[in-house]
Each structure stands twice: as structure tokens, then as C-alpha cells.
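Residue numbers (the working numbering), protein chains in the order written: chain F, 567 to 1000; chain B, 567 to 1000. Heads up, the beta-carbon is just placed ideally off N, CA and C, and yes, glycines get one too. One structure is given below, encoded as C-alpha cells.
Pasting the structure below:
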């Protein structure tokens, strides 16, 4: 008897899984990264507005919130925490389907983990399975879904959040199939919100939807599994290409989530490759006579402000961020980008020795630097954001980023928790202190 | 300066309106009908599961729930009450866009009305504007949106619910435009849930989404209005045809909502035209020698069970419901449909004198009866569900239906409230007693 696509995903969602050490380690990195960007995002207006809404509603103290000592119902915590953790747009990205897996799935997994008193190791496994599923649902929907206007973080993310919650609620495979069907009638989110508060809200929607649908199914709610992949289901109605082969390839054996990409600089993504190339050169300001940055033409209108005066402007300026890095400012920190830094005489002098050149031979994720040192030596470095990093390097970078956002002590507390395996509540307590 | 479609709808949503007496009266009828079907639906499993979820969450007692003495946050009340009131599928329908306006919009309007302490007259006007807007958004989206698989009750309904909530929160037109944009990223609902608990849940989703988005915008949330009607907006992504002419025709002058249709029998819609035709004949069992029912062929496989043995079977049987009506059973009551009624000797004898014939010359909403009386006289009657009814007849029928569902006293209490204009809380109190 052949089983449907929905049933195959549901079997993966509900069954035992063989996780790899790499997948578990990357999940822990993403958990730390998620905590750090969530704690750092609590003061953003969208975070405050959403958090204030759920705090005004109150209710059972099932789960913690970023930015408040007060616990709220798990469904509300997921909505608020998803929104807060995407507020800075500084969380992780999976380029397989172009989505942000962590901000949709971790809020759901942690909230339900706290609600059910789960060990942290189970929360992390549930999150990994949920994030893996969200990537695979994203591949199944494909590019047309995204190009038409749907925000994969929100749409695929809702299914991942639901599955993460479902594992912690011990749903079996038939119920997980119904859960995919129910989530199909609730999942939503448009890219048209990019540039507004609606973008981070989309992540919160996904997380809250996952918790709600899983709770309903656990309570006996009956839904149609074909609403996910049937002829009038989510894929068909939402411009999905139904690439089941891509979605199912090595499911349960290899973990696509391992390829998730973390952001290491609190500025426009178009600047990251150049900043990484500069790390290779180990640029130090006094040695720089001239520096040429070569980048893909698409970025010239996005992040090539020549002489910005504000912190926000600095986040869109090759010349400024490269000068900042050479002068020892930590580009992972939010408060490194300021009007004062932009106006510093050393920075202005260095910035004016940097030249930005468009280069059609480069990919959008690549950059090349040509350095002329004061001693006359010439150096070149290049970086592509898609180049693989060793696990050790990634861990070191993620931990350094977390330190830049939430301090060394808090970072080590969280990292140690994620390794040693306390309870979900222990991790939840960290949110409230952010 | 030309203003966009979104801005035109937002202007209607937020501005003063000239309601007609007919629109106000039909709104009151739909409010009574909504209360009645909601109170009658509280024991349905989908209603219980959804209500239990929000009761377990608890929180601020802002609004009442169908089927519980405990108040909950307005957002949660809207979700639960929308689901409960659509659980029996016995609520009103607008054939302009094929949606159920009341179950999406009234739960949002009443919950926010209770939360803000609004007078009932304002709640009813907000609901009317919201329902009118949901019909017009539905016309703008058009048939392809529905045929592709979207459930207009859920999608158009969310915009209507949001606008009803927004009026009670005093949002101005620019904020209402942002609200339409924000709701666009949250609205969802698939027809693939038909036949499952997911269908009534879709109504709850719409109501809850409306309350949530309106609350966020009222708190300063910023969203992109073009996410509603822009090139990557809700209509474009959800297979809408963008029929702005249909949506805007006589907006603010005529009220399409006046054409809403109420269900007067608690059985399959395919049986209603025949039951209405039988009312014209004033059928009484002893006089019936033979009765022929002519109906559109599509119904033969839907609701022509010849001799059902159960209450559910009776709801899909021309012969049974016509015999029930002739024997004085109230087909508007839920408990009229039972195994005991199916087995009654009088009913069986009468049922077997009724013959069902398919007739391609009839529309799907029409039926013709040919009666041969015991005295030899022949009578004919026909009915089409789309035939207009006088306001007085509609009011009498809606009140009679409400009496069949919630009793005479409760019906008169609610009707009197709706006429005399107390506060939203007075109407909310009725829900809790259901």
C-alpha cells in the first residue's frame, strides 16, 4: 500500500529519529542564536506592541516571554516570542527554501516544552524535527510559492512549528497527518509585509499557529489531512510546485537543517561577504593605504551609502562597516552602529580610502577585496557566504555573536544549559531576563 | 488625486455611514440568528474543544463565550465564538460571494464591544459595516478565489471582522488601510476542511484574526496597506480577480448585506426549497393521498435517502422531512430529527406516499410539489430560495427559528435588547446562558 506525501511527513514528524551529532550541534547553535537575537530584540516597537497585547490578556503562566518576567499561555508566548526574535532580522536563514527556521519553530517548541515540563533535550529534538520539516515543506512548495508573494518563514514555518509542538504533545502519526491538514487552513504570511512590522509578525503567526493547531489536535480535533497536499490543499492553493522528490530525499537520514546559515554582522546582508573577506585579511586600520571592494551589482543600490551619518545608514554602507571592522568595532553588536561612530575622524579618514566597485562576475553572495598596504604589499581575499564552515568555526562565531548581544556570562549559561540538558523551564527563564 | 482601492474600502470602514432601516433590521435579524445558532451549537465537539482551549488559557475577562459563564480575552472569545456559531452550519449565507458573514464578524464585533464597553447600537453598526465589507471583499476576490479552494467565510470574513473591531476601537481611515494590509498577512482558510471540524474553525480563525489585527493596529503596529491589493498582496497571491467595480458599486449607498439568506430548517440545504413549497400548500398529513417532489438532479445523490433510520439520515431525505413537516414536527429544531421520529408508523406511512423526481428544468435553488389530496383535488406549489421575502416575513421566520433553538423567552429577550439598545455586555450575557 502506498502512503501519501502527507503520511510520509507525518511519519517522520511523529516517529523516532536518528539525529546526527552535527544536526544536534547546529540545533544548539541555532537555539543560542535564537535566544540572543530574541533578547536583543525586546525593545523593538513590534516586539513591545505584540508582547503588550499578550500581557494585557494574561492567563495561565505556561511559558516565558522575551522581555518580561511574566509567563503567559503557550499559544500567546509563541506568537510574541516569534515576533520578537525576528524583529531585528538577525536570526538564521536556510537558503534551501529561503526561510528563517528558528524564529518560527523554537518559540513553539520552547513554549510547549515549558507547558508540558519537558526536558530540554526533548525540546531541542522537537525543534530540530520541526525545522527540518519546515525546510522540506519549503522545498515541496518551491520557488513559485515564494516568488508569488508568500513568506516561507511564515508558511513553511507554521508546519514546522506545529510538528515541533506535536512531538512534545506525543501525537502519533495519524494525528500528525491531521495536524498538517489543520495547519494548512491556518498558515499564512505575505512578503508584502517586508520592510514593516508585519515581517517579524509573520514569524510569530507561524509559531502561534503551530502551538494552537497542535493543542487542538491533541484535544481530539478532527481535520482533513488532504487539506495539506490534496487537489484543493495548501500546496495547490498557494502556488506550490509539489516537488515531493526534493522534500523526501533522504528524509530521516540526512538533515538539511545542518546547512542553516547564521548572520554574524548586525547590518545589511549584502555587506556580510565583504566583512568576512576582511576577516581573512585581518585588516588593521593603520596598515591600509587603499582598499577596493568588489561586489555584485545588485547591492550597489542597496547598501553602498558612501558617507552615512547615522547608525541606520552605517548598516547600509560598505565603506563604513569595513572601516568599523578595521578599527576594532564589533560589527555583530547592535550598538556599534551609531552617529558617533560615523563621525569619528579616524573612521572618516579610513572610509575615504575605501572604494566600492561592482563586478558582474561575482555571485550575490560573494565579495572580493584588494588591499594595498602602506608598506606597498598587495593582498587579495574573497569570500562567498555559501562556502561551508567547519562546525568548530561556526560554534565559535555563534558564541561570539551571542556574547556581543547578551554578554559573556549569559551566553555561557545558555550554552552550558543547551549541552548539559536541564529542563525547558531553565531555558525559558533566560528569556525573561533579556 | 486618485485613491487606491484599499483606501476606498478603508474610508468606508472608518467613516460615518448612512445605514438604511432595512439594513439595520436585517442586521438585527442576523444577530438574533447568530445568537440562536451559537447557543444551539455549544455542545458540538468542535465547539467544546475550542472553548476548552481558551478556558484553559484563561486571562482577562474581556468578553463572553458561548457555553460558559467565564469571560476570556476578546481575541480568544472571537476565536471560540466564531467556531461555535458555525458548528451546526445553520447560520446565514450571502450568495453574492458565497460566504457566511455573521459567524466571522459578529464574534469580533461583540467581543470588542464588550471589551470597550460599547453601546449595542454601535456594535450592530460596526457588525453591519464589517459584514458589508466582507461581502464586497468577497466580490473583489471573485469566483476563482473560491473555486481554487479558499473559504470565503474565512478569508473575506477576516477583513470584515477586522473592520468591525476597528470601528469600535475608533481607528481612522489611514489606520484602517494599514489594518487591511495587516489582516492580509494573517487571513486564511481552505474549503478542503469542509466536512470536518476545520470548517467551523475557519470562521473562528477569521473572527480571532480580525480582533488581533485591529488591536495591534490600534496599539501603533505599522503594516503595509499594499499587502491587501498590491501586486504581491492578498488578492494577487490568493487567486483574486480584482473586480474592484463590483466591490465598489454603490458602496456606502446600498447595502448588499440586506440580501443575506437565513436557513429555516436544520437539515441539508437541498431540502429547503421543497419544505418552503410545502408551507405554501399548508400540508396536513391526513389530506395527502400522494405527493410528488420535483427537484434539480444534483440533489438526488445528496439528500434523497428514501427511508433513513437515524436523525442524521433524516436530514438528507426529502420524503422524511416533508412527512415530518406535514405531521407537525418543527423542521427548524435540532431535536426534531431522531431515530424515533423516523420509525413512527404515521411517518412511515406518509413517507411512502411521497415520490421524488428529478427535473432538469429547475434551478438548484428551486423545487415543485404536486399534491393529490384524498378528496381528489390536485394542488401545485413551487418555491425558489432566491425569491425575495418581505422584511416582515423574514423577521417572523427568524424569530420562529430562534424560538425553536433557544426558546420563546430567550428569543424575546434578545430581540428586545437588539431593538432597545442596551450595552454590548447585555448581549454578551445571553451567550453565557446558552
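Going by C-alpha to C-alpha distance, which of B:882, B:965 and B:782 sits closest to residue 612 of chain F? B:782
Please state the DSSP three-state secondary structure of residue 569 of chain F. coil
Between residue 892 of chain F and the ligand MN, is there a pair consisting of the residue's CB and a ligand heavy atom that are separated by less than 7 angstroms? Among the components of this structure there are no ligands whatsoever, and the ligand MN is therefore not found.
Show which residues of chain B have a CB atom less than 8 angstroms away from the CB atom of residue 618 of chain F. 785
Would you please verify whether the beta carbon of residue 742 of chain F is less than 8 angstroms from any beta carbon of chain B? no
Using a cut-off of 7 angstroms between C-beta atoms, extract the partners of residue 755 of chain F located in chain B. 751
What did DSSP end up calling residue 1057 of chain F once you bin it into helix, strand or coil? Because chain F in this structure spans residues 567 to 1000, residue 1057 of chain F falls outside the shown range and cannot be described.
Length of the line joining the Cα atoms of residue 594 of chain F and residue 984 of chain F: 6 angstroms
Please name the residue, chosen from F:936, F:934, F:872 and F:951, that lies closest to residue 913 of chain F on a Cα-to-Cα basis. F:872
DSSP three-state call for residue 655 of chain F: helix, strand or coil? coil
Of all Cβ atoms in chain F, is any one closer than 8 angstroms to the Cβ of residue 768 of chain B? yes
Would you mind sorting residue 1000 of chain F into buried or exposed? The rule is 16 or more other CB atoms within 10 Å of its CB. Here residue 1000 of chain F scores only 44 on pLDDT, less than 50, and its place in the model should not be relied on; the value that follows carries that caveat. The residue is buried, with at least 16 neighbouring Cβ atoms inside 10 Å.
Kindly say whether residue 630 of chain F, judged by its beta-carbon, lies nearer than 8 angstroms to any beta-carbon of chain B. no
Beta-carbon contacts of residue 718 of chain B that lie in its chain and below 6 angstroms, excluding the five residues immediately before and after: 663, 664, 665, 704 and 712
Quick check: what's the CA-CA separation for residue 896 of chain B versus residue 831 of chain B? 8 angstroms
I'd like to know if residue 647 of chain B contacts chain F, where contact means its C-beta is closer than 8 angstroms to some C-beta of that chain. no
How far does the alpha helix (DSSP H) with residue 703 of chain B in it extend, from its first residue to its last? 686-714
Inside the stretch 777-836 of chain F only - alpha helix (DSSP H) runs reaching at least 4 residues: 792-795, 800-803 and 810-814
Separation of residue 878 of chain F from residue 742 of chain F, as counted between CA atoms: 44 angstroms
Taking Cβ to Cβ, would you say residue 786 of chain B is nearer than 8 angstroms to residue 615 of chain F? yes
Which bits of chain B does residue 759 of chain F rub up against, with CB to CB less than 9 angstroms? 747, 748, 750, 751, 789, 790 and 793
Compute the Euclidean distance between the alpha carbons of residue 864 of chain F and residue 930 of chain F, then round it to the nearest angstrom. 7 angstroms
Runs of beta strand (DSSP E) lying entirely within the stretch 851-929 of chain F, each at least 3 residues, in chain order: 854-861 and 920-924
Take residue 621 of chain F and list the residues in its own chain whose beta-carbon comes closer than 8 angstroms to its own, dropping the five residues that flank it on each side. 631, 634, 636 and 638
Quick check on residue 972 of chain F: does DSSP put it in helix, strand or coil? helix
Apart from the five residues on each side of it in sequence, which residues of its chain come closer than 8 angstroms, Cβ to Cβ, to residue 963 of chain B? 828, 830 and 955
Closer than 9 angstroms, Cβ to Cβ, to anything on chain F: give me those residues from the stretch 797-825 of chain B, in chain order. 797, 798, 799, 800, 802, 803, 804 and 805
If you check the beta carbons only, do residue 778 of chain B and residue 762 of chain F fall under 8 angstroms apart? no
Backbone secondary structure at residue 621 of chain F - three-state DSSP: helix
Helix, strand or coil: which one does DSSP assign to residue 960 of chain F? helix
Using a Cβ-Cβ cut-off of 8 angstroms, state whether residue 639 of chain B counts as contacting chain F. yes
Would you check if the distance between the CB atom of residue 569 of chain F and the CB atom of residue 980 of chain F is smaller than 8 angstroms? no
Let me see if you follow: with CB-CB separation under 8 angstroms, is residue 612 of chain B close to chain F or not? yes
In chain order, what residues of the same chain have a beta carbon less than 8 angstroms from the beta carbon of residue 591 of chain F, not counting five sequence neighbours either side? 957 and 961
Using 10 angstroms around the beta-carbon of residue 882 of chain B, count the other beta-carbons present and answer buried if the total reaches 16, otherwise exposed. buried
Counting only beta-carbon atoms, is residue 684 of chain F nearer than 8 angstroms to chain B? no
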